[in-house]
Amino acid sequence: MAGFDQELTRKELKIPEGYAVHAAVAVGKLGDKSTLADYLQAREEPSPRRPLSETVAEGDFNL
24 MAGFDQELTR KELKIPEGYA VHAAVAVGKL GDKSTLADYL QAREEPSPRR PLSETVAEGD
84 FNL
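Numbering-wise (my numbering), the sequence shown opens with residue 24 and increments by one.
Written as structure tokens, this is what we have:
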């Protein structure tokens, strides 16, 4: 995601020097698909994905 503040991210997550922040990802939850246009509702199918718990960490930097 473009437009995030790298230095603020480093400070808030306590990321030590020597590590670089290259990207940010917005995470959300599924909404009611009835609010989508018909053509988008037709495309709305579950897809197999790795659980977020295997991909992301919560809280301060801890490696």
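Even for Gly, the Cβ is constructed at its ideal location relative to N, Cα and C.
Computed from a predicted structure; not experimentally measured.
Residue 84 is a Cβ neighbour of residue 36, given a cutoff of 8 Å. Here residue 64 has 56 as same chain residues with Cβ atoms under 6 Å from its own Cβ, once five neighbours each way along the sequence are excluded. DSSP places residue 47 outside both helix and strand once states are collapsed to three, so it counts as coil. For residue 66, the uninterrupted alpha helix (DSSP H) segment begins and ends at 61 to 66. The C-alpha of residue 47 lies about 13 Å from the C-alpha of residue 80. Secondary structure note for residue 34: its alpha helix (DSSP H) is the uninterrupted segment 29 to 36.
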